[in-house]
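Residue numbers (the working numbering), protein chains in the order written: chain A, 1 to 223; chain B, 1001 to 1223; chain C, 2001 to 2223.
What follows is a single structure, written as structure tokens, with notes after it.
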């Protein structure tokens, strides 16, 4: 975990052949991409469609459409009858919808900020993770070279609000603000790009000091 | 509760005839709209104006001005000497200031995300509410038809940060980002519009998983 | 505390002569401004540069560059081996990078929203502070005159998300939204300006009701 990247361009139809190998029912609910009502992968009690309750060892084929107006970095996650437990255990992953024919960055990273278990207050003892691991060296060590076009794709998927801070760098938001630290909430996602110009061993981390010190940090190595 | 919508256009003067039927002093403090100092409805100790301390069974007339530069979706809430208890008990409501002669959407919804009581840590046991109710079916069931222009007005009014997530839809933020889930804080408010194109039974909910599962969700039915 | 304002213009090189008078190692880590890897003031275990571990009574000279593309309001804070304790004790301060030759506002305020100690859940008993003090009258009392161009520079530097709310005023965000209350996270910072047009005794405060009522509020006096 996280689950595999779903990488689409505008105009694509995304077909997910989902097989549930868990002991419990599970689903896939995507963000951002277009889906008809029966393809939203959400458990709705007596109104539940088959895609909202995929039992153990059963399959379901989700069909989603990367229509114009769905461009961005998104995520998918379980939204079945056991929600939120499967998501807290790692049933989530990144989804990106790019412009048609868009030039890929030289290097890109997809980073989920999350916790395991469903902690309420984030007391000491909880590990704050990036892609399932805690503390620099265990979390993804990102690498890039000076001159490369580098994209960061970041999303949250727990009960907490986080910030994404990158040492030694800054980027321009769509509204023109220059930032090096950005707030995001559960199931929010964003993407930014920069042209690498600053070699060294850098930290990336959540700037909630508690989250940082309970593991939500990693290395970004620029050569 | 919430209190009634105050619906103004730029250029309007809003006159609120406030009568306090509670056992305790209370006030009305608006966001966004222009008000002179003695009309801000805030308790200020020895500097309190009459509008900042309206006693039981007394009245006060608030006069506020929807000047140019105050357009938006806002809220009002108690800001009297008992603050924050009356607000946590439901003394709040929506306020919208529209462009002069602006075409109304075909359908619009005003949704307060909040909790009762003044919980600090949001432990299990707290109900997370939309407009005073918890869980889909109790919270507002929103309805729209394909082809309609639909506006959502959302505000927070408790100790927590929330996100607003709408299944099966996305919207464009003022900075051009396409989103389906947006962070907002206490007394923050926002509005977005979409042209309805996706029929079905959809969830709207706070995407803080804990808040979602303690009640902060509802139905949006599109026919 | 907070530490002194570092006030730079684009094109400046900022040289900080840092002497550690504490009993424990400490550093200075800046946001926003350009710095080479060995100047980031961050403790990195076995990869630590001298600037990331300045011992008691020792000095270090940080050299940072206010390059084009670093404009904004930022902060600096300890990021040494004792992190986050020194920051929670007050080792932080504001940093502003202005356009070359930019006209200064008539009046401007730098406000840190923070707590002492490293509280996790913000239980009752914690003081929520602005620039080291709690409650209006202790926190900075800001003053301005009608007609002045006034700039507010606000940053967070604890474990919490806050909002900045100013009574009787509103401002335009870079994306065009008109707001009077804005969410920000730890080590996020922002600046807004307004031309003062509304005399009186006004509150500024965090709109997380709990934070407001545990001290995070102050006076803004307009004559």
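C-beta: ideal position from N, C-alpha, C; glycine also.
If you're wondering where the values come from, they're calculated on a predicted model, not measured in any experiment.
Give me the residue from the options with the minimum Cα distance to residue i.
| i | options | result |
| --- | --- | --- |
| residue 2137(C) | 2217(C), 2198(C) and 2175(C) | 2217(C) |
| residue 1223(B) | 1101(B), 1146(B) and 1010(B) | 1146(B) |
| residue 201(A) | 2027(C), 2008(C), 2013(C) and 2037(C) | 2037(C) |
| residue 2099(C) | 2011(C), 2039(C), 2165(C) and 2040(C) | 2011(C) |
| residue 2195(C) | 2074(C), 2209(C) and 2106(C) | 2106(C) |
| residue 1148(B) | 1104(B), 1070(B) and 1050(B) | 1104(B) |
| residue 1126(B) | 1029(B), 1211(B), 1022(B) and 1023(B) | 1211(B) |
| residue 2095(C) | 2101(C), 2030(C) and 2047(C) | 2030(C) |
| residue 9(A) | 219(A), 97(A) and 172(A) | 97(A) |
| residue 1020(B) | 1057(B), 1047(B) and 1044(B) | 1057(B) |
| residue 22(A) | 152(A), 89(A), 160(A) and 47(A) | 89(A) |
What does the alpha-carbon distance come out to for the pair residue i and residue j?
| i | j | result |
| --- | --- | --- |
| residue 1055(B) | residue 1133(B) | 28 Å |
| residue 1007(B) | residue 1198(B) | 29 Å |
| residue 2174(C) | residue 13(A) | 35 Å |
| residue 2109(C) | residue 1156(B) | 27 Å |
| residue 2052(C) | residue 32(A) | 41 Å |
| residue 1060(B) | residue 1184(B) | 31 Å |
| residue 1165(B) | residue 1203(B) | 8 Å |
| residue 1128(B) | residue 2209(C) | 16 Å |
| residue 2049(C) | residue 2024(C) | 17 Å |
| residue 1066(B) | residue 113(A) | 42 Å |
| residue 2214(C) | residue 2135(C) | 8 Å |
| residue 2190(C) | residue 68(A) | 33 Å |
| residue 1075(B) | residue 2144(C) | 27 Å |
| residue 2178(C) | residue 2170(C) | 7 Å |
| residue 102(A) | residue 2176(C) | 28 Å |
| residue 1080(B) | residue 1(A) | 50 Å |
| residue 1085(B) | residue 115(A) | 33 Å |
| residue 2219(C) | residue 47(A) | 53 Å |
| residue 2152(C) | residue 172(A) | 21 Å |
| residue 2160(C) | residue 44(A) | 34 Å |
Just to confirm, is the Cβ distance from residue i to residue j under 8 Å?
| i | j | result |
| --- | --- | --- |
| residue 949(B) | residue 1193(B) | A question about residue 949(B) goes unanswered here, because the residues of chain B that appear run from 1001 up to 1223. |
| residue 2093(C) | residue 2004(C) | yes |
| residue 167(A) | residue 206(A) | no |
| residue 26(A) | residue 91(A) | yes |
| residue 64(A) | residue 34(A) | yes |
| residue 285(A) | residue 111(A) | Nothing can be reported for residue 285(A), as the shown portion of chain A is limited to 1 through 223. |
| residue 2186(C) | residue 2158(C) | yes |
| residue 1015(B) | residue 1028(B) | no |
| residue 2078(C) | residue 2087(C) | yes |
| residue 1188(B) | residue 2181(C) | yes |
| residue 39(A) | residue 62(A) | yes |
Beta carbon of residue i: closer than 7 Å to some heavy atom of the ligand ATP?
| i | result |
| --- | --- |
| residue 2202(C) | Summarising the ligand content, the structure contains no ligands, and the ligand ATP is consequently not present. |
* Complete runs of the beta strand (DSSP E) confined to the stretch 2064–2134 of chain C [at least 3 residues] -> For the stretch 2064–2134 of chain C, whole beta strand (DSSP E) runs of length 3 or above, ordered along the chain, are 2072–2077, 2092–2098, 2107–2115 and 2128–2130.
* Positions along the stretch 188–208 of chain A whose CB lies within less than 8 Å of some CB in chain C -> Listed by position along the chain: 198, 199, 200, 201, 202, 203, 207 and 208.
* To do: Would you list, in chain order, the members of the stretch 1139–1167 of chain B that have their beta-carbon closer than 7 Å to a beta-carbon of chain A?
  => Here the close residues are 1161, 1163, 1165 and 1167.
* **chain B contacts from the stretch 33–52 of chain A (Cβ-Cβ distance under 8 Å)** => Those would be 34, 35, 36, 37, 38, 40, 42, 44 and 47, in chain order.
* With 7 Å as the C-beta to C-beta threshold (strictly closer), list the residues of the stretch 2098–2110 of chain C near chain A in chain order. => Within the stretch 2098–2110 of chain C, no residue has its Cβ closer than 7 Å to any Cβ of chain A.
* Asked: What are the residues of the stretch 1058–1076 of chain B that lie near chain C, defined by any Cβ-Cβ distance shorter than 9 Å?
  -> Answer in chain order: 1069, 1070, 1071, 1072 and 1074.
* Asked: Whole beta strand (DSSP E) runs in the stretch 1147–1202 of chain B with 3 or more residues, listed along the chain?
  -> Fully enclosed beta strand (DSSP E) runs of 3 or longer: 1149–1156, 1162–1166, 1181–1184 and 1189–1195.
* Contact set between the stretch 83–99 of chain A and chain D, restricted to residues whose Cβ is under 8 Å from the partner -> Checking the listed chains, one finds no chain D in this structure; the protein chains it contains are A, B and C.
* What residues in the stretch 11–22 of chain A have a beta carbon less than 9 Å from any beta carbon of chain B? -> In summary, no residue of the stretch 11–22 of chain A has a CB separated from any CB of chain B by less than 9 Å.
* Short-range partners of chain A found in the stretch 1169–1184 of chain B, where Cβ spacing is below 7 Å -> Using a CB distance below 7 Å, the part of the stretch 1169–1184 of chain B facing chain A consists of 1170, 1175, 1176, 1177, 1178, 1180, 1181 and 1183, ordered along the chain.
* Asked: Between the stretch 209–220 of chain A and chain C, which residues of the former have CB atoms less than 7 Å from a CB of the latter, in chain order?
  -> Within the stretch 209–220 of chain A, the qualifying residues are 209, 210 and 213.
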